[in-house]
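A.B. asks: One structure, pasted below without further comment.
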């Protein structure tokens, strides 16, 4: 029950905001922030009393929603989704603080943000395919509004492109969900879209597994911008407001990777194993392509957007290394990317608020004028390069370690991404921060205010915490990744088929379990 | 017991860096200088204490590991954050903290009138911390943290004068080139974990003979990757162009980072992994030959440069080439010995040139110097002593260390290597004395309004100490007399590698794989007898070579100053060498420009036209289609009737 | 013998129908339509559907055609047919060709079906088959509901026509 | 006295129907279009009666009676529309009235 409360708290906040009159800007911002902070603080409790030894779902709550179809409001968290959940609440809080300067109808802005937060949280906790799809579509709308209304000059094009890209992808997913729904009904007689039940009981030969895998793959590949489907990201980022970019980069992209871990790997293990080489090569192209293209960008935000294409290429190749180093590394890199790219967007937003331009050529020699800003920018830049001792390195190293287990060449190509990362970030850093301060407009730019520091400093603390002591984070992933790997590792594909046959008896229990569970919560 | 203090050594510079970093501006320059130099001094003292502790323990168990906490633990991969102290890392710690301390003291004076004084010292301390981490790490990952941390600090320090675009470019170039080396190093670490299942030095090097087959493909790849990493960091042939540009940074930085400590990190890493390299003869040959080639290559460029710091930079590259040559032929002790002595005299040379530049208020071009002998007596004396040392004149340290390398090159390696070494020595003597004659002797063409003055006490005192160390450094490795080679006895247990048993294991493993073991008998014959006469002859030969080089420089720059211009103008060979064989330009043309053009192409064509084109294309097609459909709504009732009839008839035809 | 009556009547009807379509002036086409209606009534009688034949004459030939004539006169269109040169229009030429082709296609299809089925031997109904009495009784017993519905339909049509025409007048 | 075969009636009804359709499609004059519609309705009646007689039932006739009612209603309303159309534009040529054009 606690989890549902946590998820729908921001939505409650959004509704309450309607009561406050439109021109009370101060009150609106305060209440929105209050809700976000409350949500974050409560989510910390989730982590403290999260038992990381078992892979079972925790804080589980299930109540039948559309019982005729077997759809139940079944929510829960496990190692994989817990940290993403907390990161969402954390980044929502940070971005609400960061959007203090927004003036254009601030109330709708805050309402959109809080609704978006609920949508995102819903995606991470839902354990029912139908519910997952509901939240997956629900979170699109507020993001569309945020980009569409408060965005930059070409915001309509960017918002529509963002929406269409994701929506088209998710249609195929819907088809796949329905197909699975049918298969499950045939195989076990219980017509339900409950993910846990399906993960345990679904048993498909390779061919349908491949098709279903591809359907889900398309939906999630668009969300994680993998190579061919990434063109929406730079436009969306460039046109989105600062806070929107932070959330877009920090959380929305992680839904794609989360989807792979929740759907593709456990449900279609054999297909994932078959598709590993293709996806590995696609992610390598993504890594190098993202890095190369961001080398020549003139617009700061576009540069950071392409860099997140490259970073998420790392995450994808980590996930499809299909061993615990790769997946744990990928999960950690998810969090790291959220932090470092989120912080980068905050910083870029700050100079955008001061100079209202994102062209790199407009800046130069800011180090003289804004020392505090330069230090923060430098720390975040180094963390996104993956300097050891900071968060980027831990995730990247584990991923590359995992990939190396499978194929040295892939690891070599992926690691080359590290060099390009250093090139484009340092070159950008040099052109923006160092060199002579010739542009008169930059002469008297004010340094970071306290509020801006408030948004960036917690992220920097996290950067050093994960960099130097990543154990608590890795411990949370351990059990769930272990369980996931039992399903995915190759030697039990074959037995997987016969396995589910002779242990039908065991399976039947879970069906009663589900029934009991539903009754229990009546 | 004393060894427990190891974790304190890197801690002091870290604390120093944090204090300077955050409170630098508030606590004033003197305090900042005090804290910075003090923290390095403290860590030097603790190193001395640990050294005493280590000397007291018997030779065999002189390895002490202190694990602080487990950094990463995933599956069966665990990386602890721990330190390892053994004779090798102790020698490195000693000279790194020692020379580091002196340089810190020196830079208090040198950097005095700089505005962001605290930022300089914060980075210097951070550098010391990362360097110590690199040396003392007990597994590859901790070494890698130090490895990249050092690269990062050199990026900050080179780009210290960040107003100058050239300084920033040099910093970025240095960092990216180091990153290329780190790329190879990272791959090697992953490969090692893949084979050994762990990345701790002790486990890996003990298991090396069992797991790896002598001269097999895997061991060659690992060692090759490690060597590329070392080249990146220690500026060898392919990846050396960043070092001369790194002279953009302040002189103490060049002294500390680009002479004494960071550039030797590559040599240290290769020496540390000697167990792996011993199993890979091909890599050993490449190491030796690249070392030799760099020695000559850099020496030739050094001869033609006029910027005082550039000459010293190329001399550093060539001296490190010597060290790699020594490692390549298996003479690890000689390499470490040369590294230590090189740290002393090269740091002294750089600091000397620093005080010259300081005296001439920033003038670096040798052609605008001359006859500074009288104006800067202390600097001149210390500079002259160090130049004698580097040239390899008898009593000084350079002679002993370089001679030992040449001896091993001849005995263990082959004649070509020795030839490279000797020509390198000749060229070194020549350009070093060219530098000395042009700056201190001859007629003074210093421009009039600048009147050079001796540097303050705080700068000359480290110079004197370093010159002393350069003078007496040779005592560490006196050849010929058995047992007098202190360094050899000190490092011998670390480099002990039981080759016969390793070959047995390899043969055994090969049989398991069904392949026959090739004949390795030539490796097993006993160590050649250490006949004294050959060594003495070599010593005399290298001494005479050095004297010849000095005499040549004397002729060209004192006796007949116009001789060099006579010999060189017009010669295309000279111009080629003068602008550094255009290596930088070649890199620019072949690597930098194509990547930029390629990525522009990628962005414009692939992204804007390709994928976006496809997406917008589909949008337009849909638009066009819907336009066509619009014409059907023509407004004429008749058309609608026609469509109804046609539809009806179509149905009819279909159904009937 | 019946064929002798049927063929001329059918021929007349087809010719008059064509007349309706081809004639330029609406009056002529109205006249030919009336003729066709009467021809059809004859055919109905041939079919022994006396009730329908009488109705045909009264409703179609009588009421509806009168209405047509009335409207033609009201809007004095009788001379106006000439601008209606339906043959020469370009775009519609395509239309005519298309529709005639379709018509031929349909006819051909129907012929195939008709020949296929064994329709041509009609049973011999008793004499009182199509008389008014019989149809009347059925109409008011079995089909009383449709009959009432028809009356409501006509009522609505009347009101509709009145509303449409009247509102413009004042 | 042999009976007129059913096919002839159907054939007649088909031709009349087709003529009606052609009339509707081709003619631009509203009145003539209405008349063609009348022809189509009559064609339907013929086939109804023909089948009626063939199957010896009266339903066909009832149905054609209904057709006639509908036809009457349709003509009255249609002509009313034509009159109102005529009022706003002095022509009854159907092509003039294409305001609905998208």
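Protein chains in written order, with the numbering used here: chain U, 1 to 522; chain B, 523 to 1178; chain X, 1179 to 1348; chain V, 1349 to 1450.
C-beta: ideal position from N, C-alpha, C; glycine also.
What's the gap between the Cα of residue 504/U and the Cα of residue 717/B?
C.D. replies: Model confidence at residue 504/U stands at a pLDDT of 39, short of 50, so the residue's coordinates are unreliable; what they give is reported in the following sentence. If I take the Cα positions, the gap works out to 41 Å.
A.B. asks: In the DSSP assignment, find the unbroken alpha helix (DSSP H) run with residue 239/U in it and report its ends.
C.D. replies: Residue 239/U -> alpha helix (DSSP H) spans 232-239.
A.B. asks: Expressed to the nearest angstrom, what Euclidean distance is found between the alpha-carbon atoms of residue 1332/X and residue 1418/V?
C.D. replies: Their backbone Cα atoms lie some 8 Å apart in a straight line.
A.B. asks: Would you kindly work out how many angstroms separate the C-alpha atoms of residue 413/U and residue 107/U, rounded to a whole number?
C.D. replies: Whole-angstrom Cα-Cα distance: 47 Å.
A.B. asks: Pick helix, strand or coil for residue 1447/V, following the three-state DSSP scheme.
C.D. replies: Residue state, collapsed to three classes: coil.
A.B. asks: For residue 1234/X, is the classification buried or exposed, using 16 other Cβ atoms within 10 angstroms of its Cβ as the cut-off for buried?
C.D. replies: Residue 1234/X is buried by the Cβ-count criterion.
A.B. asks: Give a yes or no on whether the C-beta atoms belonging to residue 1249/X and residue 1427/V are separated by under 8 Å.
C.D. replies: Cβ distance < 8 Å, so residue 1249/X and residue 1427/V count as in contact.
A.B. asks: Count Cβ pairs between the region 533-542 of chain B and the region 558-569 of chain B that sit closer than 8 Å; are there 3 or more?
C.D. replies: The region 533-542 of chain B, when compared against the region 558-569 of chain B, does touch it at the 8 Å Cβ threshold.
A.B. asks: Taking 8 Å as the threshold (C-beta atoms), are residue 154/U and residue 209/U in contact?
C.D. replies: Against a cut-off of 8 Å, the Cβ pair of residue 154/U and residue 209/U comes out as no contact.
A.B. asks: For residue 1375/V and residue 1158/B, I'd like the C-alpha separation in whole angstroms.
C.D. replies: One C-alpha to the other measures close to 12 Å.
A.B. asks: Using the rule of at least 16 other Cβ atoms within 10 Å of the residue's Cβ for burial, across every protein chain shown, is residue 889/B buried or exposed?
C.D. replies: By the neighbour-count rule (16 or more Cβ atoms within 10 Å), residue 889/B is not buried but exposed.
A.B. asks: At 4 residues or longer, and completely inside the region 289-342 of chain U: list those alpha helix (DSSP H) runs for me, N to C.
C.D. replies: Entirely contained in the region 289-342 of chain U, the alpha helix (DSSP H) runs reaching 4 residues are, in chain order, 300-319.
A.B. asks: Restricting to Cα atoms, I'd like to know which of 248/U, 450/U, 443/U, 121/U is closest to residue 365/U.
C.D. replies: Checked all of 248/U, 450/U, 443/U, 121/U; the closest Cα to residue 365/U is 443/U.
A.B. asks: Check the C-beta distance from residue 245/U over to residue 424/U and give it rounded, since I have them as a contact under 8 Å.
C.D. replies: The pair is not a contact, with the Cβ atoms about 18 Å apart (cut-off 8 Å).
A.B. asks: If you compare alpha carbons, which of 251/U, 286/U, 409/U, 358/U is closest to residue 116/U?
C.D. replies: For the residues 251/U, 286/U, 409/U, 358/U, the minimum Cα distance to residue 116/U belongs to 251/U.
A.B. asks: Please list, in chain order, the chain V residues whose beta carbon lies closer than 7 Å to that of residue 1147/B.
C.D. replies: Residues of chain V passing the Cβ test: none, with the nearest at roughly 15 Å.
A.B. asks: Start and end of the alpha helix (DSSP H) containing residue 142/U?
C.D. replies: Segment 140-150, the alpha helix (DSSP H) holding residue 142/U.
A.B. asks: With a Cβ-Cβ cutoff of 8 Å, do residue 1209/X and residue 1191/X count as a contact?
C.D. replies: No; because the gap between Cβ atoms is not below 8 Å, this pair is not in contact.
A.B. asks: Can you check which of these residues, 978/B, 855/B, 1100/B, is closest to residue 1011/B by C-alpha distance?
C.D. replies: Cα-wise, what sits closest to residue 1011/B is 855/B.
A.B. asks: Reducing DSSP to helix, strand and coil, say where residue 1266/X ends up.
C.D. replies: Low per-residue confidence applies at residue 1266/X: pLDDT is 43, beneath 50, and the placement is therefore not dependable, though the value from the model is reported in the following sentence. Three-state result, residue 1266/X: coil.
A.B. asks: State yes or no: is the beta carbon of residue 1372/V nearer than 8 Å to at least one beta carbon in chain B?
C.D. replies: It does; some Cβ of chain B falls within 8 Å.
A.B. asks: Measuring only between beta-carbons, confirm whether residue 445/U sits less than 8 Å from chain B.
C.D. replies: Not closer than 8 Å to any Cβ of chain B, the Cβ of residue 445/U fails to qualify, so no.
A.B. asks: Can the beta-carbon of residue 699/B be found closer than 8 Å to that of residue 751/B?
C.D. replies: No.
A.B. asks: Hey, out of 925/B, 1140/B, 1041/B, whose CA is closest to residue 1061/B's CA?
C.D. replies: The residue with the shortest Cα to Cα distance from residue 1061/B is 925/B.
A.B. asks: Let me know if residue 965/B comes out buried or exposed under the rule of 16 or more other beta-carbons within 10 Å of its beta-carbon.
C.D. replies: Its Cβ having fewer than 16 others within 10 Å, residue 965/B is exposed.
A.B. asks: According to DSSP, simplified to helix, strand and coil, what is residue 19/U?
C.D. replies: The answer is coil: DSSP assigns residue 19/U none of H, G, I, E or B.
A.B. asks: Cβ closer than 8 Å: which chain B residues qualify as neighbours of residue 1284/X?
C.D. replies: Per Cβ cutoff of 8 Å: 1171, 1174.
A.B. asks: Just verifying my parser: in three-state terms, what is the DSSP assignment at residue 96/U?
C.D. replies: If DSSP states are grouped into helix, strand and coil, residue 96/U belongs with the helices.
A.B. asks: For residue 1246/X, which residues in chain V fall below 9 Å Cβ to Cβ?
C.D. replies: 1379, 1382, 1383, 1386, 1423, 1427, listed in chain order.
A.B. asks: Do the region 761-770 of chain B and the region 682-692 of chain B touch if we need at least three Cβ pairs shorter than 8 Å?
C.D. replies: A contact exists between the region 761-770 of chain B and the region 682-692 of chain B.
A.B. asks: So which residues of chain B does residue 365/U contact, with C-beta pairs closer than 9 Å?
C.D. replies: Within 9 Å Cβ-Cβ: 684, 685.
A.B. asks: Given a limit of 8 Å on CB to CB distance, which residues of the region 1111-1131 of chain B reach chain U?
C.D. replies: Those residues of the region 1111-1131 of chain B that come within reach of chain U (Cβ to Cβ, closer than 8 Å) are 1117, 1118, 1120, 1121, 1122, 1124, 1125, 1128, 1129.
A.B. asks: Closer than 7 Å by C-beta to residue 1367/V: which residues in its own chain qualify, once you throw out the five before and the five after it? Chain order, please.
C.D. replies: Closer than 7 Å at Cβ, skipping near neighbours: 1387.
A.B. asks: Is the shortest distance between the beta-carbon of residue 1163/B and the beta-carbons of chain V less than 8 Å?
C.D. replies: For residue 1163/B, the answer is yes, since a Cβ of chain V falls inside 8 Å of its Cβ.
A.B. asks: Suppose contacts are defined by Cβ-Cβ distances below 8 Å. Is residue 960/B in contact with residue 1021/B by that definition?
C.D. replies: In this structure, residue 1021/B does not lie closer than 8 Å to residue 960/B by Cβ.
A.B. asks: On the CB-based measure, 16 or more other CB atoms within 10 Å of its CB, does residue 653/B come out buried or exposed?
C.D. replies: So residue 653/B ends up on the buried side.
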